[in-house]
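With the working numbering, letter number 249 in the sequence shown gets 235, and the count goes up by one each step, no holes. Beneath this line is the structure, given in structure tokens, with notes to follow.
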Amino acid sequence: MKVIRERNINGVFNIAVMNLRVTHSLIEMDSRNGKVYMFPEPVTSVYKRPNERVLFSPERNCNPFFHFIEGLWMLAGRNDLETLTEFVPRMAEFSDDNVLVNGAYGYRWRTWFGRDQLKEVIQMLLANPLDRRVVLQMWDATKDFTSDSKDVPCNTQVFFKCRPITHQDDYVLDMTVTNRSNDMIWGAYGANVVHFSMLHEYVAAFTGYRIGHYYQVSNNAHVYDNVWSKLEPKLPQGYPVDPYEAFDLKPYRLVDDAHFFNDELTEFFNWFHNGSDYKDYRNPLFTEVAMPLVEAWWLHKGGLNVEAISVAKRIQAEDWRKACVEWIERKI
């Protein structure tokens, strides 16, 4: 098994690129979506600081607006396509009916199996921090094995583990995600690192444990030739600087008041879709990060990039502000 262990996504991505450039170590294969280069063994990506979740690579050019809102969409337990196509219209290609997303992780966490698994995970960890049965399920063996859906979960399970630090009552919460098939450019080091680190921080906040390490085990780790062949020449050689370290960027807390967070998450999406009245949020993430981020996106989408940058600069999360402003600037 190949293990890539770094401080955050920027370091993990840099090391992954170095490994992908050693072409003789990869296996060239055909897939239903075209030629891929596959690692011969599973790849485990280890993030020591999961809440440093923003990849700043201008060459990779991740859409920070989409990744951030999709992370909240998952925590809200939603499966509507409309939220996603607001940012990326081609997400409709993964819907069977152009209305819902079959493999939506958040919906599987909170509704699919007839129970709110996130609520149960939190209750289990609070009742017994050393419980070894805290497994969050996304893969449904009764349906996904024989499904002809365009979208079944690539990430299949999440394991949570409390790890003692100084004594038996002082824990950090580690999280391990298993993945059956992972596009390392668009999946692991694009969407997955944002969404699952947000899940990690959410569970840590609701249990009161500190965030530990995030592990993602990708059984079939690959890149698509039509993506990698265009991206690789643009990427810098060596080990680029990590903006979190170079600029001392501080991640913004996801949850301030767990008691109100879920209701406020619902209110946020009511605002997003219906323009419902502004609420007095107890969790400033919504008013200081999510709302200006969305408003900047709407301005960008309307072609008002100068105005969009001005609004994006009001985002109070240092990392998301930097990513959003730079992403729009690259579009001008």
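We put the CB at the ideal spot given by N, CA and C, even for glycine.
#### Entry: Val74 versus Trp95, Tyr93, Pro50 and Val163, residue with shortest Cα-Cα distance
Pro50
- Message: Tell me the rounded alpha-carbon separation between Val3 and Lys265.
- Response: 44 Å
Is it true that the CB of Arg76 sits closer than 7 Å to the CB of Arg35? no
Item to complete: Leaving out five residues on either side along the sequence, give the residues of the same chain with a beta carbon under 7 Å from the beta carbon of Trp48.
Response: Position check: residue 48 holds Cys in this sequence, whereas Trp was assumed. Result list for Cys48: Leu41 and Gly176, in chain order.
ask   = Cβ of Asp16 versus every heavy atom of the ligand SAM: is any distance shorter than 6 Å?
value = Absence of the ligand SAM is noted for the structure shown, with no ligands found whatsoever.
Requested in this report: Could you tell me which residues DSSP pairs with Arg149 in its beta bridges?
Outcome: Val158
Roughly how many angstroms separate the alpha carbons of Asp156 and Asn(-4), rounded to a whole number?
29 Å
Apart from the five residues just before and just after Gly92, which ones in its own chain have a Cβ nearer than 8 Å to its Cβ? Trp59, Met60, Leu61, Ala62, Gly63, Arg64 and Asn65
Worksheet item: Roughly how many angstroms lie between the CA atoms of His208 and Leu116, to the nearest whole one?
Response: 34 Å
Are Glu281 and Val292 closer than 7 Å when you measure CB to CB? no
- Task: Please list, in chain order, all residues of the same chain as Pro270 whose beta carbon is under 8 Å from its beta carbon, the five residues on each side excluded.
- Result: Asp242 and Gln302
Do Phe246 and Arg268 have their CB atoms nearer than 7 Å? yes
- Expected contact under 8 Å - CB spacing of Pro237 and Asn0 to nearest Å: Not confirmed; about 19 Å, so no contact.
I believe Val22 touches Val107 by the beta-carbon criterion, under 8 Å. Please report the beta-carbon distance rounded to the nearest angstrom. Their Cβ separation, rounded to whole angstroms, is 33 Å, which puts Val22 and Val107 out of contact at 8 Å.
Cβ contact (3+ pairs, closer than 8 Å) linking the region 179 to 186 and the region 206 to 222
no
message = From the DSSP secondary-structure annotation, give me the bridge partner or partners of Asp169.
response = His208
Item checked: Simplified DSSP state of Leu251, which is helix, strand or coil -> helix
Along the chain, which unbroken stretches of the beta strand (DSSP E) at least 3 residues long are found entirely within the region -6 to 65? 13 to 15, 22 to 24 and 29 to 33
| Residue interval of the alpha helix (DSSP H) (run including Arg316) | Glu304 to Lys317
Check this for me: beta carbons of Val163 and Gly198, under 7 Å apart or not? no
Between which two residues does the alpha helix (DSSP H) containing Ile295 stretch? Asn291 to Ala298
Can the beta-carbon of His286 be found less than 7 Å from the beta-carbon of Ile314? yes
Report task. Count the other C-beta atoms from every protein chain shown that fall within 10 angstroms of the C-beta of Glu45, then say buried if there are 16 or more, exposed otherwise. Result -> exposed
* Apart from the five residues just before and just after Pro150, which ones in its own chain have a Cβ nearer than 7 Å to its Cβ? -> Asp156 and Tyr157
Using the C-alpha atoms, what's the distance from Val8 back to Asn205?
-> 19 Å
Glu(-8), enclosing beta strand (DSSP E) - first and last residue
Lys(-12) to Glu(-8)
Next on the checklist: If you follow the beta strand (DSSP E) that Val121 is in, where does it begin and where does it stop?
Outcome noted: Val121 to Gln123
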